[in-house]
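When the count follows our numbering, it moves up by one through the sequence shown with no breaks and lands on 234 for the last residue. For every residue, glycine included, the Cβ atom is placed at its ideal position computed from N, Cα and C.
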Amino acid sequence: MHDRRIAGTKANVDHIAITAAGIWVIDAKRYKGRPELKIEGGILRARVEKVLVGRRDCTKLVDGVLKQIDLVRDVVGDIPVTGALCFVEADWPLIGGAFATRGVHALWPKRLAKLLIETKGSVDVQAARETLASYFPPA
């Protein structure tokens, strides 16, 4: 499901993918630069994880995905809901590069597609789609 409106706001959910293993809330971003997870602090100071794309601090994007996950979770109940930031046209390294922070994956389109295809489970995809479509109409 693509470009779904969030009731009562001007915001939208870019993509909702429903698989047999669960639901993915996907926020697609077209940013230049290399996405990376920068970790500060730890032993003497509080650990802080930041998402950077090039020099741009994109940590707030994770908060946005987490809010969208909560909205979807409120609708579907016990079905697992996972979040992803999909950086299109970013400068990903040849090896590795994908990471997760606070339960939200940061990756590129082909890597995300591979994760979606590999999942197995017992979610009734059609029923979940109908439920979500009624709460999140097209934008």
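Sort the options by Cα distance to residue i and report the nearest one.
| i | options | result |
| --- | --- | --- |
| Arg129 | Ile111, His110, Ala185, Ala208 | Ala185 |
| Asp165 | Lys155, Thr177, Val146 | Thr177 |
| Lys124 | Cys181, Glu144, Val146, Ile174 | Cys181 |
| Val199 | Arg224, Val170, Gln163, Trp187 | Gln163 |
| Leu161 | Thr196, Gly172, Ala234, Ile212 | Thr196 |
Residues in its own chain within less than 8 Å of residue i by CB, not counting five upstream and five downstream?
| i | result |
| --- | --- |
| Arg142 | Ile134, Glu135, Gly136 |
| Thr214 | Thr114, Ala115, Ala116, Gly117 |
| Val171 | Ile118, Ala223, Thr226, Leu227 |
| Trp203 | Cys181, Phe182, Val183, Ala185, Trp187, Gly192, Ala193 |
Cα separation between residue i and residue j?
| i | j | result |
| --- | --- | --- |
| Arg150 | Val157 | 17 Å |
| Ser229 | Gly191 | 38 Å |
| Ala208 | Leu189 | 17 Å |
| Asp169 | Gly159 | 16 Å |
| Val183 | Ile212 | 19 Å |
Report buried or exposed for residue i, applying the criterion of at least 16 other Cβ atoms within 10 angstroms of its Cβ.
| i | result |
| --- | --- |
| Asp109 | buried |
| Ile174 | buried |
| Ile138 | exposed |
| Ile237 | There is simply no residue 237 to check, as the chain begins at 96 and stops at 234 in what is shown. |
| Ala179 | buried |
Using a Cβ-Cβ cut-off of 7 Å (strictly less than) and excluding sequence neighbours within five positions of residue i, which residues of its own chain qualify?
| i | result |
| --- | --- |
| Phe194 | Leu132, Ala201 |
| Asp98 | Asn107, Asp109, Pro233, Ala234 |
Here's a check: name, in chain order, each residue in its chain whose Cβ is nearer than 6 Å to the Cβ of residue i, leaving out the five neighbours to either side.
| i | result |
| --- | --- |
| Arg100 | Asn107, Pro232, Ala234 |
(request) Would you be able to state if there are at least three C-beta pairs under 8 Å between the segment 217-231 and the segment 110-122? (result) By the Cβ rule, the segment 110-122 counts as touching the segment 217-231, because three or more pairs are nearer than 8 Å.
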